[in-house]
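Following the working numbering, the numbering of the sequence shown begins with -9 at its first residue and continues without gaps.
Yeah, the Cβ is synthetic: ideal placement off N, Cα and C, and Gly gets one too.
Structure, as C-alpha cells:
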Amino acid sequence: MTIRARYPVALAAALALLLSLPAPAPASADKVLDDLMFELQLVPLDGQAPAPFELEQLADGAKVTLAGLRGRPVLLYFWATW
C-alpha cells in the first residue's frame, strides 16, 4: 500500500478514536453564574428585602429609588479607585 492509500485509513482510525472518547460534561448555567458572581464579589439577596436606596441621575438630576424599581431585577455595583 502506498502512503496515499494509507491516509484515508489512518484518518478513519483517528476519527473513530476521537468519537469513542467520552464527551466532557457540560457546565451547568447556575454553576457558571455562581462562579462569576463570586469573582465579582456579588451577593444575591434572595428572599431578603434590600435596604432603601436612592440616587440622582447624572443627566437630569431626577431621583431613582429601589422602591420605584419594585418588581424589576436590580444590580447595584459599587467600585472605587483609591
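For A39, tell me which candidate among F28, P63, A0 has the shortest Cα-Cα distance.
P63
Check the DSSP bridge columns for V54 and list the partner residues they point to.
L45
Quick one: what does DSSP say L26 is sitting in, helix, strand or coil?
helix
DSSP on A70, reduced to helix/strand/coil?
coil
For D20, does the three-state DSSP call read helix, strand or coil?
helix
Please state the DSSP three-state secondary structure of A0.
helix
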